[in-house]
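The numbering of the sequence shown is our numbering, which starts it at 199 and goes up by one. Encoded as structure tokens, the structure appears first; notes follow it.
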Amino acid sequence: MSGIFIEGNTPLIGTVTASGSTNSASKLIFAAMFSNEDVILNNVPRVQSVMDDIEVIESVGGKAEWVGNNTLLVNGSQINSYEVPLEIGEKYRLSSLLAGPLIFRFGKAFIPKYKSVDGRIKPINRFLDTWESLGFDIEEDDYYMKILNNGDAKGSIIKFKNVSHTATDNSLLSSVFLPGESTVINASQDPEVDDLIEFLCGIGAQVTRTENGDITVKGVNIFNGTSFEVCSDKTEIAVFASLAVLTKGNISIKNVKRDLVLQFINFLNKIGVRFEFSGSDLRIWRHDEDLVPQVVEISSPPSFLHDWQPLATLILTQANGESIVHDTVYTDRFGYCLDLNRMGAKIDLVTPSEVGIVPVVNDDTYSIEESGEPLTIAKISGPTKLKGERLTIEDLKNGPVLVLAALCAEGKSEIIGLENVNYYFEDFVDKLKSLGAKIWEQLD
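Okay, here's the thing in structure tokens:
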């Protein structure tokens, strides 16, 4: 694994431009496979996550070509197989999103079951429920899901018990070509889903979000080309905003839509951080002001997002008093707190009942009755001074929080596993250096 050294406790000052959303770009690449015409995607981040998705579509004949620094041309006209190769599909989480375009073209899709890094097959019950609701036949073996349209599939009601971003994406991609009308109830309201809706309409689909957040889909069977701008990465914006707070710096972020980060900005306002918008620029700055402790509930949009959970937890280690971060989305995403505590933070992981909060679990695969109440509360005492440490990034999603902790800590830190940050974030270290971060690479 690659590594860097960081000398912390230096205010970061300057301007960065937010890259396009990896999460959005990935779904649009799969959605473009409905069209036999060229689709131009602008503001696509050049990161490994996107490269993996390109490998998936190319494995069945889809075309993807970089025609600019962040401009990708994609075309599905040469797709020649309804079966994603096992060695490709089982290692890439989003391969299942190719099912819709393949069923549209061939009447069937053979999708490998995704295996996590520990070799376990991940449950996709929400995908299966969607396909069954739409009338597809499903056959399974140890390796593949085989989704078949034997002529009975049509628009239907798709209702999720709990909100799921990727399951909502799949519901749209699996119904957009079916006869009749589908309604997705309890659909994700993530901005990347709205990107997908806008894109699908751009290639000829009829998809609408209702006032209550549900999504209606009227099936069509002709899809054209288009040019589309990928939205900015809301997590990257929050990361650099957090750096201004943690390092007592002054950072301007370009290419920001206020709606993307409204709840994060509200959080900054509550803790006492100064910020201002100027067009699509967001500036955040802090000097020696005390931060106000908070109770933060992590939930689905339009609430405070799970992707921001580690950032809020780290920032609140510097607040003057006791804070609580309650994760209602996942049951096991506070692992990074062990590293923060080694650096000097005071974070206790407890159950909701221990602090008088009703437990909420939105993970369909977790049962409180069977497994007990999970440790989904981070109780944080602050402020605490963080010290440099040797840290290993093993989690693709939570990796940036350890880099941020090192940048605001006193002394030198060694970070191993930076590739797990680069997987999602474009030019991350270069952007940090441009703000004055003291970072240097390990020498062999």
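All C-beta atoms, glycine included, are put in the ideal place defined by N, C-alpha and C. This structure is a prediction, so every number in the text was calculated from the model and none was measured.
Asked	Found
According to DSSP, residues forming a beta bridge with Thr213	Ser450
Below-8 Å beta-carbon distance, Val494 vs any chain B residue	Looking at the structure shown, chain B is missing, and only one protein chain is on hand.
Simplified DSSP state of Gly218, which is helix, strand or coil	strand
Burial state of Phe623, where buried means 16 or more other Cβ atoms lie within 10 Å	buried
Separation of Pro499 from Glu281, as counted between CA atoms	34 Å
C-beta contact flag for Ala216 and Ile435 at 8 Å	yes
Span of the beta strand (DSSP E) around His524	Gly519 to Asp525
Burial state of Gly586, where buried means 16 or more other Cβ atoms lie within 10 Å	buried
Beta-carbon spacing of Leu239, Val272 below 8 Å	yes
Nearest-angstrom Cα separation, counted from Phe304 out to Leu394	23 Å
Length at least 4, wholly inside the segment 267–291: the alpha helix (DSSP H) runs in chain order	284–287
Cβ contact (3+ pairs, closer than 8 Å) linking the segment 367–380 and the segment 404–421	yes
Residue burial classification, Trp264 (beta-carbon count within 10 angstroms, cutoff 16)	exposed
Residues of its chain near Val214, where Cβ-Cβ distance is below 8 Å and the 5 sequence neighbours each way are ignored	Phe438, Ile449, Ser450, Ile451, Lys452, Lys629, Ser632 and Leu633
CA-to-CA distance, Ile637 to Val627, given in whole angstroms	8 Å
Residues that DSSP places opposite Thr381 in a beta bridge	Ile355 and Thr414
Nearest to Glu330 (by Cα), restricted to the options Lys432, Arg540 and Lys344	Lys344
Same chain, Cβ closer than 7 Å to Gly378, neighbours up to 5 away in sequence not counted	Lys352, Gly353 and Gly417
Alpha carbon of Arg484 to alpha carbon of Val443, nearest angstrom	6 Å
C-alpha gap between Lys261 and Ile277, whole angstroms	8 Å
Sub-8 Å separation of Tyr534 and Asn596 beta-carbons	yes
Glu338, buried or exposed, once every other Cβ within 10 Å from all chains shown has been counted against 16	exposed
For Arg407 and Ile413, the rounded distance between their alpha carbons	4 Å
Residue range of the unbroken beta strand (DSSP E) whose run includes Trp638	Lys636 to Glu639
Whole-angstrom distance between Arg531 and Ser569, CA atom to CA atom	16 Å
Ser501 - partner residues in DSSP beta bridges	DSSP output for Ser501 lists no bridge partner at all.
Straight-line Cα distance separating Phe475 from Asp316	Unreliable positioning characterises Asp316 in this predicted model, as indicated by a pLDDT of 47, which lies under 50. The coordinate reading is nonetheless provided below. Whole-angstrom Cα-Cα distance: 43 Å.
Short Cβ contact (8 Å threshold) for Trp506 with Phe473	no
Residue range of the unbroken alpha helix (DSSP H) whose run includes Gln404	First-last for Gln404: Gln404 to Arg407, but that is the beta strand (DSSP E), not the alpha helix (DSSP H).
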